[in-house]
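Quick note, the sequences are listed as chains A, B, C and D, same order.
First residue of the first sequence? That's 634 in the working numbering, and the numbers climb one at a time after it.
First residue of the second sequence? That's 634 in the working numbering, and the numbers climb one at a time after it.
First residue of the third sequence? That's 3 in the working numbering, and the numbers climb one at a time after it.
First residue of the fourth sequence? That's 3 in the working numbering, and the numbers climb one at a time after it.
Idealized CB from N, CA, C, for every residue including glycine.
As the structure is a computational prediction, the values presented were derived from the model and not from experiment.
Report on one structure; see the data block that follows.
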Amino acid sequence: MPELTFMKATLEGLTEEMELNPRIFVMGEGIGKRGGNFKTTEGLFDRFGAERLCDTPICERGFVGMAAGAAMTGTRPIIDFMFADFIMDSIGEIVNQIAKMQYMSSGRLKMPVLLRGCIGIGHSAATHHSGNYYPLYSHFPGLRVCVPSMAADAKGLLKTALRSDDPVLFLEHKSLLNIKGQVPTGEHLVPFGKAAIVREGRDVTVVALTIMVHKSLQAAEILAKEGLSVEIVDPRTVSPLDIDTILESVHKTGRLIIIDEAFAPCGVGGDIAALVIDRGFDDLDAPIRRLNGTFTPTPYSPPLEAAVVPSVERIAQAIRDLIAE
Amino acid sequence: MPELTFMKATLEGLTEEMELNPRIFVMGEGIGKRGGNFKTTEGLFDRFGAERLCDTPICERGFVGMAAGAAMTGTRPIIDFMFADFIMDSIGEIVNQIAKMQYMSSGRLKMPVLLRGCIGIGHSAATHHSGNYYPLYSHFPGLRVCVPSMAADAKGLLKTALRSDDPVLFLEHKSLLNIKGQVPTGEHLVPFGKAAIVREGRDVTVVALTIMVHKSLQAAEILAKEGLSVEIVDPRTVSPLDIDTILESVHKTGRLIIIDEAFAPCGVGGDIAALVIDRGFDDLDAPIRRLNGTFTPTPYSPPLEAAVVPSVERIAQAIRDLIAE
Amino acid sequence: MPETTPPYLRLYRTMQVIRQTEEQLAKSHQRGLIHGACHTYVGQEAIATGVCAHLRPSDVVFSTHRGHGHALAKGVTPAALIAELFGRATGCSSGRGGSMHLFSPEVGMMGTSGIVGPCILQAAGAGYSFKLLKSDNVGVAFFGDGAVNNGAFHEGLNMASIWKLPSLFICENNQFATEVPFKYAAGNPTVASRGAAYGMPGIEVDGNDVLAVYEAAKTAIQRAKAGEGPTLIECLTYRTRPHSEGMGDFGYRSREEVEAWKARCPIRRFAEKLVAESLATVDELAKIEAEVQAMVVEAQAFAENSPWPDPSTAATHVYAQ
Amino acid sequence: MPETTPPYLRLYRTMQVIRQTEEQLAKSHQRGLIHGACHTYVGQEAIATGVCAHLRPSDVVFSTHRGHGHALAKGVTPAALIAELFGRATGCSSGRGGSMHLFSPEVGMMGTSGIVGPCILQAAGAGYSFKLLKSDNVGVAFFGDGAVNNGAFHEGLNMASIWKLPSLFICENNQFATEVPFKYAAGNPTVASRGAAYGMPGIEVDGNDVLAVYEAAKTAIQRAKAGEGPTLIECLTYRTRPHSEGMGDFGYRSREEVEAWKARCPIRRFAEKLVAESLATVDELAKIEAEVQAMVVEAQAFAENSPWPDPSTAATHVYAQ
Ligand SMILES: Cc1ncc(C[n+]2csc(CCOP(=O)(O)OP(=O)(O)O)c2C)c(N)n1
Ligand SMILES: Cc1ncc(C[n+]2csc(CCOP(=O)(O)OP(=O)(O)O)c2C)c(N)n1
Ligand SMILES: [Mg+2]
Ligand SMILES: [Mg+2]
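Listed below in structure tokens is the structure:
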């Protein structure tokens with residue numbers, strides 16, 4: 634299997650699907666000839682032309698709203714937001730239109746819209762280019778929310794998304810874009826709602842999201858040297874959420890911590906905790922812990938920025954503390 | 634203490650504060666001469682004039698964005714959305730501007746904006762007029778989120794909001810508007826982040842939100858006849874959330890269920906469950922349960938609509954089941 | 003497809019279907035048969051009728067809270083509409099939608115929306131689909147004057163224009179958004195002139211004249227199909243019933259004004275013209291009116307006798323398959 | 003307050019401050035001293051300068067991702083700006099903001115935004131405050147051509163117009179939004195003409211001519227203060243550096259075009275005019291240039307030597323008090 638960056642993996646998936654399905658088109662700012670701020674559409678303009686790689690004015694609400702109309706009439710739009718922060722102006726179109734259209738039409742309309750954008754804190758991008766929005770989307774019925782952490786999953790989920798009739802939020806942490814991984818060529822589909830156990834262990838279950846999967850893996854290495862055995866689960870999609878895999882893991886380890894750069898309140902971690910305490914109450918040997926990004930807008934300055942994100946060391950310490958509990 | 638409806642209680646609070654503070658003004662559609670779709674500003678136009686009761690075009694994003702600029706320059710805007718569903722078009726202004734301005738200016742700018750709107754399922758309002766959005770707002774730092782269930786609290790929280798320098802979402806369940814309660818006249822302030830124990834009990838802690846407080850009270854009456862003693866906590870504000878009062882209650886009862894019309898995923902219930910399991914692990918004698926509105930857009934037809942909302946009977950049964958656990 | 007001679011009797015019939023169904027609904031609202039809001043289209047019938055007369059099932063319509071007329075003109079039956087407002091399983095949205103969420107994709111009725119604005123964007127998006135698919139369909143948005151000051155109007159019209167999408171933007175300027183006058187809400191109180199801001203033709207027509215609407219729509223559709231891009235059509239009109247059934251009506255406008263507009267009833271005017279110009283006889287029109295009346299009575303009975311949806315289906319179709 | 007004779011030397015100095023600070027920042031970016039994005043204002047100096055020359059600290063400015071020039075023209079010091087981009091505690095936003103979040107309410111710099119659009123609405127909102135408070139301040143929004151096709155432009159300008167708010171909308175049309183040409187993105191490629199859609203004067207000026215901008219702003223401010231409402235001013239200009247430091251620049255425009263615009267440098271043109279018309283001597287201008295240079299050198303040293311913010315303060319001021 635070839636090694637690809639996360640970004641190239643999604644580009645490969647996208648290219649394959651656009652070859653297969655002439656109804657797929659991409660809209661966004663600078664996704665045409667420029668190939669995307671994050672090179673998400675590099676080379677595609679030359680291959681597929683301006684109609685299928687459509688540069689837009691700066692009107693996020695507008696083109697998301699158009700995507701709804703397009704999806705209802707037989708095409709399959711991809712909206713490439715570059716930064717997911719810019720999606721905020723179009724939440725009305727997403728939550729009240731795109732997410733509800735299949736239901737309101739009793740399934741007579743499909744809504745194959747893919748909304749993709751970069752999330753996450755890092756590189757001093759500051760508060761308008763650093764949001765993690767998956768909890769928001771996960772709260773609303775009718776949407777699928779993908780948060781891959783590995784290059785292969787990114788490709789596999791993107792391809793699944795492009796064959797699904799549901800609207801999908803595909804959120805890519807900026808700091809993952811250049812991370813490399815083995816990526817299957819050609820047909821490689823990762824299903825929605827199926828978590829991956831990215832590291833097996835006995836003493837504690839760590840559920841980690843997006844970039845935190847990688848940091849947790851590093852923390853687990855440190856802890857392994859201390860004789861602690863950490864199991865790491867990557868949900869890959871947060872809506873649907875694969876709670877069964879998490880429950881099985883907790884059944885084995887008796888301990889659970891959720892590591893998430895996104896804010897804690899009304900986040901994915903609370904949901905996981907609630908589901909585990911409800912269904913796996915007797916499996917728990919200790920409290921469930923959450924380690925989240927600090928509840929604050931994201932600062933720019935490197936030392937401030939570093940302070941609001943869970944670091945490998947803080948993750949390791951939180952796991953140690955939980956095991957000691 | 635006089636008896637007032639919930640709606641009249643907020644109107645009384647609003648009138649008092651507008652008398653006290655000439656910098657307060659209200660913007661919204663039909664909130665001028667018409668007095669508001671829900672009579673939230675009835676009579677105020679004649680009293681305070683068109684500049685302080687400003688009818689707007691239908692451009693929610695626009696006037697929310699204006700509210701930010703107004704708050705930064707010395708006035709205190711109230712945006713009256715009628716239905717909170719219409720706020721969705723302005724989420725960018727709320728999440729990326731209003732919520733972040735105090736932080737980004739290191740406290741040099743204040744952001745006294747009150748955003749109010751009606752939420753909730755009922756009256757066949759259908760899916761564009763039925764949303765419960767407090768989990769969304771609670772996820773983001775920088776916002777305060779009030780969800781009163783009682784007329785007196787509605788007045789007291791509204792007045793607190795109008796003296797706070799923070800942006801506040803004030804969300805009123807449509808089905809509460811005509812509910813009556815004793816409301817203190819004049820100065821009556823309910824602090825943010827202080828839950829109310831609306832019914833004392835021994836066997837189980839019920840945390841209920843907005844309209845579900847009333848349904849839970851009815852369920853508790855039924856259960857009292859069966860010899861079950863139910864304690865009901867109303868958080869009143871979900872951001873900040875008064876977890877201490879909940880923990881104290883759970884310490885006493887050993888059991889917790891959260892009743893919420895809003896969707897479960899990434900909701901307030903998950904957050905409460907996670908906090909309680911983390912800090913009150915040893916107090917729990919049984920799993921934590923959540924009973925939420927069904928994870929679906931809201932249907933119109935009465936039998937469908939009724940099916941997606943927790944009923945008194947379903948609440949009572951869920952509590953019974955938990956006590957039996 | 004645009005015809006050379008307007009289909010006079012068909013236009014008349016459609017307007018009658020809308021008017022009579024609406025009046026039936028208004029009565030049903032009083033009887034408590036309608037559970038949520040009910041915004042009637044009375045007074046504005048000529049607009050949906052004149053535009054939709056050109057549309058095939060594969061041409062699509064996106065509409066607003068005031069969408070009954072569009073649904074009927076596009077081919078939803080009175081029975082399916084009334085049953086929907088009654089919340090019955092046989093309604094065009096299976097009872098899920100009510101007045102503000104009418105779906106019938108089979109006939110190209112792609113939905114009405116309780117939120118002001120999105121229909122404009124969706125019609126542009128449909129235009130994008132049709133352009134990409136190289137079909138000759140058009141996407142049509144109907145919206146009120148209230149939507150004109152909303153960002154969706156600005157963003158949607160601009161994109162439709164720069165990409166020359168086969169879309170029609172039909173603004174029904176009935177002069178009020180609920181109770182707020184358009185003159186108050188808009189810095190420039192003509193809608194048609196806004197086309198210029200987007201490099202798009204902006205046409206003003208008498209929205210109470212079905213033939214004027216018909217002709218304007220015909221030209222716009224020809225333009226759209228020729229790849230020349232979208233058209234904005236402002237139809238000046240008036241709703242002669244309250245904003246929503248059960249609401250008061252004279253806090254913001256006068257009885258005289260309402261009466262004056264009732265006198266300009268698009269149906270009566272059209273009937274008079276047809277007879278005066280010998281395009282139809284009084285009898286022909288009376289026959290249509292009677293046929294429609296029978297149809298509406300039957301639709302009402304159908305709706306009243308229809309079953310409620312099964313509560314166990316309340317959460318189906320949230321996701322595909 | 004608007005003066006009869008433009009303050010020539012002050013205008014010249016402000017443009018020099020912006021240019022030299024920006025060039026210093028560009029160098030610092032290469033040296034890795036700037037941690038995030040850096041959008042320079044080089045080529046557009048006349049606009050911020052000409053407008054802000056009229057503003058007092060109590061008049062407020064709201065700006066965009068390309069906001070260094072506005073901050074400096076409004077009175078933020080080069081030291082506070084550079085320190086901010088270096089992420090230092092002494093920066094105008096205490097290191098919290100960087101290039102796209104410049105706050106200095108003390109001097110009426112109410113913030114720049116990394117999101118395109120909001121500044122327009124905020125300037126309208128400030129106008130609403132000033133109207134309500136009966137103060138004679140004005141609210142000013144600076145924004146790029148990219149914002150013109152955004153709903154915020156439509157909604158903000160319309161409301162400012164209908165309520166006659168004391169607001170100025172200054173569009174810096176540098177002809178590209180990142181790499182997307184305005185001509186492609188806009189159905190109607192003149193911005194000034196959009197004023198008509200809102201019943202508002204729309205003025206087009208040469209954005210590389212500081213006196214033209216100065217005069218247009220003067221008229222607009224007089225209008226605003228007289229209660230006659232807002233003005234839209236389109237300043238035609240060009241940025242002569244890449245969209246953001248470190249980005250490529252010739253995939254979407256030619257070197258020739260950039261060079262041609264460099265030749266229209268607003269600072270050089272103004273200097274030539276001042277000397278030609280004997281409004282200043284070469285020596286006077288050279289002295290200003292040298293003074294500014296010294297100031298920028300000092301600012302750079304100040305910034306480089308400034309302390310980092312304390313990580314324990316990372317979450318303070320999320321809420322009031
Ligand atoms: C975004 C949004 N804001 C507010 C409302 C509430 N609302 C429903 S209808 C209406 C007036 C609409 O006026 P107009 O567009 O002119 O249509 P008309 O009712 O006159 O047909 C308003 C404000 C809404 N539905 N959507
Ligand atoms: C809402 C939003 N969408 C996209 C972006 C990404 N973005 C940053 S700058 C820019 C171009 C802005 O162009 P213009 O407004 O003309 O300003 P200029 O950079 O030319 O000064 C874009 C698209 C953004 N910041 N905000
Ligand atoms: Mg109207
Ligand atoms: Mg530009």
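C-beta contact flag for residue i and residue j at 8 Å
{"i": "Gly146/D", "j": "Asn176/D", "result": "yes"}
{"i": "Thr931/B", "j": "Thr760/B", "result": "yes"}
{"i": "Pro935/A", "j": "Ile892/A", "result": "no"}
{"i": "Gly725/A", "j": "Met783/B", "result": "no"}
{"i": "Pro80/C", "j": "Ala301/C", "result": "yes"}
{"i": "Glu24/D", "j": "Asn151/C", "result": "no"}
{"i": "Asp836/B", "j": "Arg777/B", "result": "no"}
{"i": "Leu842/B", "j": "Thr638/B", "result": "no"}
{"i": "Arg694/B", "j": "Ala154/D", "result": "yes"}
{"i": "Leu11/C", "j": "Glu217/C", "result": "no"}
{"i": "Pro745/B", "j": "Ser808/B", "result": "no"}
{"i": "Val89/D", "j": "Ala758/A", "result": "One detail in the question is off: residue 89/D reads as Gly in this sequence, not Val. Not in contact: Gly89/D and Ala758/A (Cβ atoms no closer than 8 Å)."}
According to DSSP, residues forming a beta bridge with residue i
{"i": "Pro594/B", "result": "Limits of chain B in this structure are 634 at one end and 958 at the other, which puts residue 594/B out of reach."}
{"i": "Arg749/B", "result": "Asp713/B, Phe803/B"}
{"i": "Gly814/B", "result": "Leu637/B"}
{"i": "Asp688/A", "result": "Gly661/A"}
{"i": "Leu924/B", "result": "Ile892/B"}
{"i": "Arg832/B", "result": "Ile865/B"}
Assigned exposure category for residue i - 16 Cβ within 10 Å defines buried
{"i": "Ser857/B", "result": "Reading off the sequence, residue 857/B comes out as Ala, not Ser. Its Cβ having fewer than 16 others within 10 Å, Ala857/B is exposed."}
{"i": "Phe696/B", "result": "buried"}
{"i": "Ala228/C", "result": "exposed"}
{"i": "Met3/C", "result": "Confidence at Met3/C is low in this model, with a pLDDT of 42, below 50, so its placement is unreliable and no value can be given for it."}
{"i": "Thr51/C", "result": "buried"}
{"i": "Ser308/D", "result": "buried"}
{"i": "Lys133/C", "result": "buried"}
{"i": "Thr242/C", "result": "buried"}
{"i": "Glu258/C", "result": "exposed"}
{"i": "Gly248/D", "result": "exposed"}
Chain G within 8 Å of residue i, Cβ atoms only
{"i": "Ser782/B", "result": "The chain labelled as chain G is not found among the protein chains of the depicted structure, namely A, B, C and D."}
Closer than 9 Å between beta carbons: that is the criterion. Which residues of the stretch 684 to 716 of chain A meet it against chain C? So the close ones are Glu684, Arg685, Cys687, Thr689, Pro690, Cys692, Glu693, Arg694, Gly695, Phe696, Val697, Gly698, Met699, Ala700, Ala701, Gly702, Ala703, Ala704, Met705, Thr706, Gly707, Thr708, Pro710.
With a threshold of 8 Å, are at least 3 pairs of Cβ atoms found where one atom belongs to the stretch 11 to 26 of chain D and the other to the stretch 263 to 272 of chain D? A contact exists between the stretch 11 to 26 of chain D and the stretch 263 to 272 of chain D.
Going along the stretch 745 to 775 of chain B in order, which residues come within less than 7 Å of chain D, judged by CB to CB distance? Residues of the stretch 745 to 775 of chain B with a C-beta atom less than 7 Å from some C-beta of chain D are Pro774, Gly775, listed in chain order.
Given 8 Å, three or more beta-carbon pairs between the stretch 146 to 161 of chain D and the stretch 99 to 106 of chain D: Short answer: they don't touch.
State whether the stretch 177 to 196 of chain D contacts the stretch 170 to 189 of chain C, with contact taken as three or more CB pairs (one from each stretch) at a distance under 8 Å. In short, these stretches do not touch, since the Cβ pair count stays below three.
Does the contact criterion of 3 or more C-beta pairs under 8 Å hold for the stretch 644 to 658 of chain A versus the stretch 784 to 795 of chain A? With a cut-off of 8 Å, the stretch 784 to 795 of chain A and the stretch 644 to 658 of chain A count as touching, because enough Cβ pairs lie within range.
Taking contact to mean 3 or more Cβ pairs, one atom from each stretch, closer than 8 Å, check whether the stretch 24 to 43 of chain C and the stretch 224 to 239 of chain C are in contact. Not touching, per the Cβ criterion.
Report yes or no: do three or more beta-carbon pairs, one from the stretch 673 to 681 of chain A and one from the stretch 769 to 776 of chain A, lie closer than 8 Å? The stretch 673 to 681 of chain A, when compared against the stretch 769 to 776 of chain A, does not touch it at the 8 Å Cβ threshold.
Give the residues from the stretch 154 to 184 of chain C that approach chain D closer than 9 Å (Cβ to any Cβ), ordered along the chain. Residues Ala154, Phe155, His156, Glu157, Leu159, Asn160, Met161, Ala162, Ser163, Ile164.
Anything in the stretch 189 to 201 of chain D with a Cβ closer than 7 Å to a Cβ of chain C? List those residues in chain order, please. The residues in question are Gly189, Asn190, Arg196, Ala198, Ala199, Tyr200, Gly201.
Interfacial residues, the stretch 728 to 739 of chain B to chain D, with Cβ spacing under 8 Å: The residues in question are Asn729, Gln730, Met734, Gln735, Tyr736, Met737, Ser738, Ser739.
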